[in-house]
Amino acid sequence: MMTTGLALKWTWRIPHFMHAATKTAFGIVADSNRSKNPAMTDLLWRVVKTVYQTQHVEVMGTLFSELCSLLTDDDVNARQLLNFRIHRFLGLARVVRRIVLLWDPLLTWYEERIARARRDNGVPPAAFPLTQDKMDLIQILSLLEPTATVCKIGQYESENQCNVLLGLFKLRISVLDNTAPLKDCRSTKTDRRFFRPEKLSNLASTTRSLLQKAFHRVFFRRSTERDVMNTCSYAFEIQLLLSPNFKNPDGALKKVIQRTNLQAVASQQVADRHYTQVRRKVIDGVRTIMKAVDAQPTSPGIVAPPPDVVFAEDIMKLFSETADEVVPSPAETHNSMHTQRVDEELDRWLTTPTSLRAIRPGEVEPVLSYWKRQQEQGNFQLLPLVARVLFSMPSSSAQIERDFGTAGRMVTPERSSLEPYIVDMAMYLNCNRSYVDITQYP
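full-length UniProt numbering puts the last residue of the sequence shown at 442; the count rises by one with no breaks.
Below, the structure written as structure tokens:
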């Protein structure tokens with residue numbers, strides 16, 4: 001139905017393309033000769049070497065964990081570094097964050113390691129591999145953490161599509177904008193810090209530029225290249241149009257499209273034209289789905305008979321059309337009223353101020369709960385059905401992969417006789433635990 005009936009060229013690969021783009025920009029490859037960012041690849045190998053040494057040098061015993069407890073703040077509970085896996089870029093942010101957090105214990109541990117070798121008249125081991133890389137690590141972490149946050153949001157089991165798209169928009173106008181200040185990962189609510197573009201290291205500047213190009217190639221070129229714009233269905237932008245808080249297409253969508261085009265060395269006229277085309281495709285996409293989900297027949301209006309009035313003979317000859325001759329056919333009347341109904345509801349949605357209801361401090365209701373309430377109150381008839389269709393398209397396959405994992409754990413050799421419908425029901429209950437009342441079972 002998505003690709004044929006509604007003609008939506010939709011993919012659920014948000015975390016997947018973010019993973020690919022980030023691996024390319026950050027040089028996360030096994031062979032440094034194939035890396036697009038060789039300096040970053042070398043830094044990662046030094047990170048791996050540091051983690052390995054602190055975890056496997058047995059002669060130092062538990063010194064590192066003891067140094068962590070002595071030289072870190074009271075609210076820091078970390079006592080060891082984290083392992084890094086090349087195939088998991090989300091883990092890279094945690095690894096770098098832990099190294100920056102435990103920087104002072106690392107310096108002391110390597111100094112004590114060298115001093116101990118000298119006391120034992122042995123060959124001094126190599127110094128701390130990352131001695132000169134602290135600021136590089138901080139700036140790289142400032143690039144990594146916002147990207148990893150958006151990727152994690154894309155894997156939530158909720159109606160996260162609007163949050164994912166807005167997160168990508170935020171990345172585009174901040175982290176992926178080479179001319180904008182980069183927020184320091186050490187920044188807090190009371191102490192806000194930023195790196196000016198000219199203050200970034202060569203490694204951070206190169207990585208940021210590669211990250212911007214990678215994200216443009218896999219996602220944002222839908223706003224700049226005509227061939228991509230003509231084939232893209234803009235499913236995520238249509239989902240954003242049904243968000244009560246961000247439905248204005250002249251808001252975030254316009255800002256990002258114009259910023260992307262101008263940074264792609266396009267003129268202001270081209271940027272405005274591309275925004276107009278995307279806006280039209282988004283509006284037309286919603287209108288198409290509204291017509292597709294409208295199962296309620298619209299009966300043509302009853303045309304009143306001509307009035308029983310006698311006119312002058314010359315007037316009757318001049319205007320001889322009868323009421324039956326000017327009344328459109330039933331099919332034309334039906335289509336006209338159907339289109340009018342769709343346009344009226346869509347225009348009313350775009351012009352009516354709306355917002356999600358707060359259910360507790362700092363948390364608002366899910367967007368599907370909002371549309372359910374609108375349907376029950378009779379405010380809208382077609383748009384709630386459109387919301388059900390659109391928000392059934394997840395932003396990633398993470399949820400389904402978790403379901404497959406659950407099914408794999410259930411169908412063991414000891415349970416091989418389970419009927420398929422039992423497995424399906426168990427998976428459903430596992431994903432919807434609010435339906436299960438454990439007090440009803442012994």
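Glycine included, every Cβ here is placed at the ideal spot set by N, Cα and C.
Distance between beta carbons of residue j and residue i, contact taken as under 8 Å
i             : j                 : result
valine 367    : phenylalanine 391 : 7 Å
arginine 172  : arginine 259      : 7 Å
valine 218    : alanine 21        : 5 Å
valine 282    : tyrosine 234      : 5 Å
proline 129   : lysine 255        : The pair is not a contact, with the Cβ atoms about 42 Å apart (cut-off 8 Å).
leucine 168   : valine 150        : 6 Å
glutamine 161 : serine 355        : 18 Å between Cβ atoms; not a contact.
leucine 43    : leucine 203       : 7 Å
leucine 262   : alanine 252       : The Cβ separation is near 16 Å, so there is no contact.
threonine 147 : methionine 18     : 7 Å
Extent of the continuous alpha helix (DSSP H) run through residue i
i                 : result
alanine 20        : 14-25
residue 491       : In the structure displayed, the chain extends from 1 to 442; residue 491 sits before or after that span and is not available.
valine 228        : 226-231
phenylalanine 261 : Position check: residue 261 holds asparagine in this sequence, whereas phenylalanine was assumed. Its alpha helix (DSSP H) spans residues 252-263.
threonine 54      : 38-56
serine 392        : First-last for serine 392: undefined, no H or E at that position.
cysteine 162      : 161-173
glutamate 237     : 235-241
valine 123        : Element bounds for valine 123: n/a, residue is neither H nor E.
lysine 213        : 202-218
alanine 292       : 268-293
Near the ligand FAD: residue i beta-carbon under 8 Å from a heavy atom
i             : result
glutamate 225 : The model depicted lacks the ligand FAD and carries no ligand whatsoever.
Three-state secondary structure (DSSP) of residue i
i                 : result
valine 364        : strand
lysine 134        : helix
phenylalanine 194 : strand
leucine 382       : coil
leucine 102       : coil
proline 305       : With a pLDDT of only 49 at proline 305, under 50, the local geometry of the prediction cannot be trusted, and the value read off the model is given with reservation. In this structure, proline 305 counts as coil in the three-state DSSP scheme.
leucine 182       : strand
alanine 358       : strand
lysine 247        : coil
glycine 154       : coil
serine 369        : helix
threonine 352     : coil
glutamate 419     : coil
aspartate 177     : coil
serine 187        : coil
serine 35         : coil
Chain B contact for residue i (CB, 9 Å cutoff)
i           : result
proline 244 : Absent from the structure is chain B; it holds one protein chain and no more.
Euclidean distance between Cα positions of residue i and residue j
i                 : j              : result
phenylalanine 220 : asparagine 178 : 15 Å
threonine 288     : proline 384    : 14 Å
histidine 16      : valine 96      : 22 Å
valine 194        : leucine 143    : It is phenylalanine, not valine, that sits at residue 194 in the sequence shown. The alpha-carbon atoms of phenylalanine 194 and leucine 143 are separated by roughly 12 Å.
methionine 40     : aspartate 120  : 36 Å
valine 175        : lysine 247     : 24 Å
tryptophan 103    : glutamate 237  : 43 Å
valine 423        : arginine 94    : 36 Å
alanine 295       : aspartate 343  : 16 Å
valine 386        : alanine 426    : 29 Å
histidine 274     : serine 187     : 36 Å
glutamine 374     : glutamine 239  : 17 Å
alanine 180       : aspartate 191  : 19 Å
histidine 56      : alanine 126    : 15 Å
arginine 118      : cysteine 185   : 38 Å
isoleucine 114    : valine 51      : 17 Å
threonine 54      : lysine 170     : 37 Å
glutamine 139     : serine 369     : 40 Å
leucine 165       : asparagine 230 : 20 Å
proline 197       : threonine 206  : 11 Å
glutamate 112     : aspartate 250  : 60 Å
glutamate 183     : serine 35      : Reading off the sequence, residue 183 comes out as lysine, not glutamate. Those two C-alpha atoms are separated by around 26 Å.
valine 29         : glycine 91     : 14 Å
alanine 264       : threonine 224  : 8 Å
arginine 222      : valine 123     : 58 Å
asparagine 245    : proline 105    : 46 Å
arginine 372      : valine 389     : Here residue 372 is lysine; the residue named in the question, arginine, does not match the sequence. Distance between the alpha carbons of lysine 372 and valine 389: 13 Å.
How do the segment 342-350 and the segment 378-385 stand: do at least 3 beta-carbon pairs fall below 8 Å, yes or no?
yes
Given 8 Å as the limit, is there contact between the segment 199-217 and the segment 15-29, that is, 3 or more CB pairs closer than that?
yes
At least three beta-carbon pairs within less than 8 Å, the segment 150-169 to the segment 351-362:
no
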